[in-house]
Amino acid sequence: MSEPIRSFTTAVPYWRPRITPLDIEEASDEQLEAMKVTTSNTKIGEFTLVLALDPETLLHFTPLINGIMSGQGGLSRPETELGAVSASVVNRSIYCAAAHSNQYNQLTKDDAVIDSIFSSGEAADISPRQKALLLFSSKLSKCPSEATKADVERLSDNGLDMDEVLDLVFAASLFSWVNRLSHVLGDPLAQS
Amino acid sequence: MNIFETIVVQATGISADNPLVGVLSPRCDILELSEYSHDASLRPRRPGGLSHSERAGLAYRIAKRNNETALMLHYNQLFGVDSQTLADISFDGGDDARLKAIIRHTDLVTINPKAAVIEDVAALPVAGLDNADIVQLSELIAFVSYQARVVAGLRLMAVVA
């Protein structure tokens with residue numbers, strides 16, 4: 000059995016579940032609805048098949064992720080991804096950090112920011128605005144009471160409007176949720 | 000849904016004249032989905048191996064581990080017969096193997112999710128949880144962890160806005 004990846008990477012791993020996923024052939028109508036299965040969409044990932052064991056929660060989880068990560072609100076898509084990456088680094092969710100750093104790099108065509116965060120964490124050599132995003136998201140991820148008024152003021156001082164701060168709160172908080180599922184219920188393996 | 004009907008906005012304690020209301024209103028969809036997620040984790044139609052009152056007790060415990068007093072008050076209102084036992088952070092399950100496994104996992108994933116290894120998950124079926132119970136417990140822990148952060152973030156924003 001291959002060993003899980005232990006270091007941060009931007010190459011999206013294969014997610015190997017630690018418990019047996021739902022067998023799609025045995026899915027109930029409720030589970031199919033929660034997985035948003037349509038006839039044109041029959042390839043379901045193992046993460047979704049594990050979460051479908053609790054269809055009542057999955058039903059709202061998928062639209063919540065899409066709503067927060069799609070960039071419909073104030074914060075740009077790359078900066079929303081940066082919030083997700085910051086939380087995933089704190090929680091050492093190798094899978095989520097890879098998936099969202101990969102998105103960030105594709106959107107910005109710039110690998111330097113992620114490289115620096117992966118190698119130096121909160122001491123990363125990035126712009127003041129990026130640093131403000133990273134520090135606030137990291138503190139909120141560690142323990143919500145660690146984030147302070149000064150952290151929000153730093154965001155504001157670096158040009159973030161309140162609707163952008165709101166989206167950052169949602170994105171960083173969301174990954175406190177997603178990381179607790181992906182990191183606890185599965186292992187990241189190198190794609191063969 | 001009015002934003003003031005949601006638990007996260009109520010827990011921030013903001014008033015209707017706070018400038019934050021104008022920032023939150025366009026993202027009412029996210030607050031509404033968060034509310035539905037709360038109901039699905041705390042009061043599911045099919046609770047499986049975790050009763051509603053056990054869920055309320057665990058949610059209180061998670062809120063307490065996150066220093067989130069307003070959410071502790073909310074979850075206290077949902078308490079039923081078995082809630083208090085699970086909510087008490089000085090209780091580790093005692094000689095009840097099932098409760099002990101549930102509490103250990105809840106505390107671990109709440110405080111230090113990065114330390115959760117495959118053996119931690121493998122310990123849950125041994126204590127009587129089936130795979131659906133494991134996912135439901137994981138969702139409950141993860142949801143309240145999310146909710147506590149949204150509330151803390153909004154509360155800081157309300158001060159700065």
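First to last, the protein sequences are chains S and V. In case it helps, numbering that gives the first Met the number 0 puts the first sequence at residues 0 to 191. In case it helps, numbering that gives the first Met the number 0 puts the second sequence at residues 0 to 160. Think of the CB as a built atom: it goes at the ideal place given N, C-alpha and C, for glycine as much as any other residue.
Distance CB(residue i)-CB(residue j) smaller than 9 Å
| i | j | result |
| --- | --- | --- |
| Ala86(S) | Ala171(S) | yes |
| Ser24(V) | Ile6(V) | no |
| Thr47(S) | Ser36(V) | no |
| Arg167(V) | Ser175(S) | Outside the modelled stretch of chain V, which goes from 0 to 160, sits residue 167(V), for which no answer is possible. |
| Tyr145(V) | Leu184(S) | no |
| Leu74(S) | Asp166(S) | yes |
| Leu123(V) | Ala100(V) | yes |
| Ile117(V) | Asp53(S) | no |
| Val143(V) | Ala62(V) | yes |
| Leu70(V) | Ala141(V) | no |
| Asp120(V) | Met161(S) | In the sequence under discussion, the amino acid at residue 120(V) is Val, which differs from the Asp named in the question. The answer is no: Cβ separation not under 9 Å. |
| Ser140(S) | Val177(S) | no |
| Thr105(V) | Leu72(V) | no |
| Ser6(S) | Ile93(S) | yes |
| Pro112(V) | Arg15(S) | no |
| Phe60(S) | Glu138(V) | yes |
| Thr132(S) | Leu159(S) | Just to set this straight, residue 132(S) is Leu in the shown sequence, not Thr. For Leu132(S) and Leu159(S), yes; Cβs fall inside 9 Å. |
Best match in the options for proximity to residue i [C-alpha to C-alpha]
| i | options | result |
| --- | --- | --- |
| Pro127(S) | Thr107(S), Ser155(S), Pro143(S) and Phe117(S) | Ser155(S) |
| His99(S) | Val112(S), Arg179(S), Val89(S) and Val84(S) | Val84(S) |
| Gly120(S) | Arg91(S), Ala51(S), Asp22(S) and Ser75(S) | Arg91(S) |
| Val80(V) | Lys99(V), Leu57(V) and Arg97(V) | Leu57(V) |
| Asn65(V) | Ser144(S), Asp162(S) and Met161(S) | Ser144(S) |
| Arg17(S) | Ser191(S), Ser181(S), Ser140(S) and Gly66(S) | Ser181(S) |
| Ile67(S) | Ser33(V), Ala15(V) and Val125(V) | Ser33(V) |
| Ile4(S) | Cys95(S), Ser115(S), Phe135(S) and Lys138(S) | Cys95(S) |
| Gly127(V) | Ala15(V), Pro112(V) and Leu98(V) | Leu98(V) |
| Leu58(S) | Ile43(S), Met34(S) and Gly72(S) | Met34(S) |
| Phe135(S) | Thr109(V), Leu155(V) and Val120(V) | Leu155(V) |
| Leu81(S) | Glu32(S), Arg179(S) and Phe169(S) | Phe169(S) |
| Thr19(S) | Asn130(V), Glu138(V) and Val125(V) | Asn130(V) |
Neighbourhood of residue i by C-beta, 8 Å cutoff - its chain only, sequence neighbours within 5 removed
| i | result |
| --- | --- |
| Val159(V) | none |
| Asn104(S) | Thr9, Asp110 and Ile113 |
| Ala114(V) | Leu107 |
| Val78(V) | Reading off the sequence, residue 78(V) comes out as Phe, not Val. Cβ neighbours of Phe78(V) beyond the five flanking positions: Ser52, Ala55, Gly56, Tyr59 and Ala86. |
| Phe90(V) | Thr84 and Ile102 |
| Ser27(S) | Pro54 |
| Ser1(S) | Leu188 and Ala189 |
| Ala15(V) | Phe3 |
| Lys138(S) | Glu145, Ala146, Thr147 and Asp150 |
| Ile110(V) | Arg64 |
| Gly70(S) | Arg76 and Thr79 |
Other residues of its chain near residue i: CB distance less than 7 Å, five sequence neighbours each side excluded
| i | result |
| --- | --- |
| Cys27(V) | Met0 and Ile2 |
| Asp132(V) | Gly47, Gly48 and Leu49 |
| Asn75(V) | Tyr59 |
Sequence-distant residues of the same chain with beta carbon closer than 6 Å to residue i, five excluded per side
| i | result |
| --- | --- |
| Ile13(V) | Leu19 and Ala157 |
| Val11(S) | Ala97, Ala98 and Asn101 |
| Leu21(S) | Leu48, Ala51 and Leu52 |
| Ala96(V) | Ala126 |
| Gly92(V) | Leu98, Lys99 and Ile102 |
Contacts of residue i in chain C (Cβ-Cβ under 9 Å)
| i | result |
| --- | --- |
| Val36(S) | No chain C is present in this structure, whose protein chains are S and V. |
Continuous alpha helix (DSSP H) assignments of at least 4 residues falling wholly in the region 63-105 of chain S: 76-89
4-residue-minimum alpha helix (DSSP H) runs that sit fully inside the region 65-113 of chain V, ordered along the chain: 68-76, 82-86 and 96-110
Ordered list of beta strand (DSSP E) runs contained in the region 7-43 of chain V, each at least 3 residues: Along the region 7-43 of chain V, the beta strand (DSSP E) does not occur as any fully enclosed run of 3 or more residues.
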